[in-house]
Amino acid sequence: MPLCLTSIDLKKAIDTVETEAVIEALGNQGVPTQYVRMLRELYNNFTISPFYKEVIINAALENIMRHLEWDDLGAKVDGRYLHHLRFADDIALITPNIEQAERMLAEFDNACGKIGLRLTLTKTMFMKNGLAPDAPFTLNGKNISECSSYVYLGREVNMMKDLAPELCRRKRAAWGAFKNIEGVVKKTKNIRLRAHLFDTAVLPALTYASETWTLRKQDEHTVSVAQRALESTMLGIPLYTQVQEGIRSSELRQRTKIRDAVDYT
């Protein structure tokens, strides 16, 4: 299936967004009038927390998406058109070709401009598979850059169905998480506590977004090797000691009592 994904980057809009437009968006989405009135008073009379501003801006983006006429655009999946993915202001357009992506991006940019939101064109980019034809991709006379991969919601996406780059990122994240608890897990004699710390801090970092993975045997092996390295470090058993003493991976698991990462995915 021809496929083109466009990752949209929005400029921080705390100081540029039109307050009244975004507050009205809350009313359009069913927020009770008294709360809308209260937020308007806060905006007019106080310095409102950036957290609340972000929440309100997300409501404005929802309002924009509801009014864009994209029902017959996007990639057809199970008889329905899927034209975008969105979590807060992380937005990806899904189209069968560049021409459609260009049109949708222009319409989105125009709608955003009406309430003071702006796109960062240097960070907005697209990628496509080999079935989507080549074509120029511009917005307001500026070229949109093509990329081979990008990170969406913390997960690296590419058109090659290659999980290796993402697994490398997961391993780095797992070691980073392990460093945060290393002092505790190496000192504690409480096996249950040690396993609990690993399973709640390190395992989620190693398997983040694994619901979207299609694991091959070699990918499962990569995950298992990464977990075994973490286990060895946690127990203070170097690799050469494992080899010399013939310590099997199953023995390490008996000692650590942690969950298996491949089963967790």
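Quick note on the UniProt record's numbering: the sequence shown kicks off at 1 and runs consecutively.
Beta carbons are placed, not taken as given, at the ideal position from N, Cα and C, and that holds for glycine.
Bear in mind that the values here come from a model prediction, so they are computed numbers and not experimental data.
Here's the rule: buried if 16 or more other CB atoms are within 10 angstroms of the residue's CB, otherwise exposed. What is LEU82? Along the sequence shown, read from residue 1 onward, the residue named residue 82 stands at position 82. Classification of LEU82: exposed, given that the 10 Å Cβ count is below 16.
**Prompt:** Got a sec? Which residues, its chain only, sit under 6 Å from LYS217 by beta carbon, not counting five neighbours each side?
**Reply:** Looking up residue 217 in the sequence shown gives position 217. Nothing meets the Cβ criterion.
query: Apart from the five residues on each side of it in sequence, which residues of its chain come closer than 6 Å, Cβ to Cβ, to ARG194?
result: The residue labelled residue 194 in the question sits at position 194 within the sequence shown. Closer than 6 Å at the Cβ level, and outside the excluded window around ARG194, lie VAL185, THR188.
| said: Since LEU10 and THR120 should fall inside the 8 Å C-beta cutoff, what is the C-beta to C-beta distance between them, to a whole number of angstroms? | reply: Taking the sequence shown and counting its residues from 1, the one referred to as residue 10 is at position 10. Taking the sequence shown and counting its residues from 1, the one referred to as residue 120 is at position 120. So it is a contact: roughly 7 Å between Cβ atoms.
Practice prompt. Tell me the start and end of each unbroken alpha helix (DSSP H) in the UniProt domain "Reverse transcriptase" (1–144) that is at least 4 residues and wholly inside, in chain order.
Written response: Complete alpha helix (DSSP H) runs here, min 4: 19–28, 33–45, 50–67, 98–113.
Review point. Is ARG40 closer than 9 Å to THR6 when the C-beta atoms are compared?
Key: Here the question's residue 6 lines up with position 6 in the sequence shown. Here the question's residue 40 lines up with position 40 in the sequence shown. No; because the gap between Cβ atoms is not below 9 Å, this pair is not in contact.
Which two residues bound the contiguous alpha helix (DSSP H) that contains SER210? For this step, residue 210 is matched to residue 210 along the sequence shown. Looking at the DSSP string, SER210 is not in any alpha helix (DSSP H), and its letter there is neither H nor E.
_Once DSSP output is grouped into helix, strand and coil, what is the label at ARG155?_
The residue given as residue 155 occupies position 155 in the sequence shown. Three-state DSSP puts ARG155 in a strand.
Contact set for GLY236: own chain, Cβ-Cβ below 7 Å, skip 5 residues either direction | Stepping through the sequence shown from its first residue, residue 236 is reached at position 236. Closer than 7 Å at the Cβ level, and outside the excluded window around GLY236, lie LYS186.
| Cβ-based burial, CYS168 [other Cβ within 10 Å; buried from 16] | Walking along the sequence shown from the start, residue 168 turns up at place 168. The residue in question, CYS168, is exposed, as its Cβ has fewer than 16 Cβ neighbours within 10 Å.
- Item | the stretch 245–258 touching the stretch 218–232, judged by at least three CB pairs closer than 8 Å | Contact annotation: the stretch 245–258 touches the stretch 218–232, with at least three C-beta pairs closer than 8 Å.
Taking the Cβ atom as the reference point for each residue, do GLU102 and THR138 lie within a distance shorter than 9 Å? One-based indexing of the sequence shown puts residue 102 at position 102. One-based indexing of the sequence shown puts residue 138 at position 138. Contact flag set, yes.
Run through DSSP, which three-state label would SER148 get? One-based indexing of the sequence shown puts residue 148 at position 148. Three-state result, SER148: coil.
Can you look up ARG192 in the DSSP assignment and give me helix, strand or coil?
Residue 192 sits at position 192 when you count from the first residue of the sequence shown. Of the three classes helix, strand and coil, the one that applies to ARG192 here is helix, per DSSP.
Notebook entry, point to check: With contact counted as at least three CB pairs below 8 Å, one residue from each stretch, are the stretch 145–153 and the stretch 197–207 in contact?
Noted result: no
With a threshold of 7 Å on Cβ separation, who are the neighbours of ASN58 within its own chain once the five nearest residues in sequence on each side are excluded? Working through the sequence shown from its first residue, we reach residue 58 at position 58. Correct list, in chain order: ALA88, ASP89.
query: Tell me which same chain residues have a C-beta within less than 6 Å of the C-beta of TRP70, skipping the five on either side of it?
result: For the purposes of this step, residue 70 is taken as the residue at position 70 of the sequence shown. Closer than 6 Å at Cβ, skipping near neighbours: HIS83.
On the DSSP letters alone, give me the boundaries of the alpha helix (DSSP H) that VAL185 sits inside.
What you label residue 185 is simply residue 185 of the sequence shown in a count that begins at 1. Per DSSP, VAL185 belongs to the alpha helix (DSSP H) from 164–187.
According to DSSP, is ASP199 part of a helix, a strand, or is it coil?
Indexing the sequence shown from 1 puts residue 199 at position 199. Helix, per DSSP.
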